[in-house]
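Before any comments, here is the structure.
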Amino acid sequence: MFGKKKQPPIKSLIALGTRIEGNVIFHDGLRVDGEVVGDIRASDEQPSILVVSEEASVSGQIHADHVIINGRVKGPVHAFELLELQPKARIEGDVSYKALEMHQGATISGQLKPMIGALEDKPTLKLAANNL
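If you read the sequence shown in my numbering, its first letter stands for residue 4, the second for the next number, and so on.
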């Protein structure tokens, strides 16, 4: 999804020192530097990106197309396209994803679950010997 298409712009910020208690719904892109106690969900209308920075903390579910985490998340994470776990990512909860990129140092206390359809999207392997 994001390989050839332009990523959506990050239009919203939850700044360091800000604490939000309640669910957050966003369009396009959201960067969290502060603390969210509640679910974070992208609208289904268009592609989305969520960045949870090194200083950030989220206690609740996360639902977005492209999710980049380098902070703390306590709750399940659902990345419908790509999940990037940076070196300081700490997740306590199950993680579901279509594609996963995990850097050394990131930790997950939960189950890793590829989304249904993720494995079927891979191209089949064709060997040159079959063309003879």
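Note that beta-carbon positions come from the ideal geometry of N, C-alpha and C, so glycine has one too.
Residue 43 (DSSP reduced to helix, strand or coil): strand
For residue 108: DSSP bridge partner residues: Bridge partners of residue 108: none, in fact.
Residue closest to residue 79, alpha-carbon to alpha-carbon, out of 44, 17, 30: 44
Separation of residue 17 from residue 115, as counted between CA atoms: 27 Å
Cα-Cα separation between residue 86 and residue 66, rounded to whole angstroms: 11 Å
Contacting residues, own chain, Cβ-Cβ under 8 Å from residue 13 (five flanking each side not counted): 31, 32, 33, 34, 52, 54
For residue 116, the residue or residues it bridges with in DSSP: 99
Close Cβ partners of residue 110 (< 8 Å) along its chain, the five nearest in sequence each way excluded: 92, 93, 94
Entirely enclosed beta strand (DSSP E) segments - the region 8-70, minimum 3 residues: 13-17, 22-24, 27-29, 32-35, 38-40, 43-45, 52-55, 60-62
Buried or exposed by the 16-neighbour rule on C-beta atoms within 10 Å, applied to residue 99: buried
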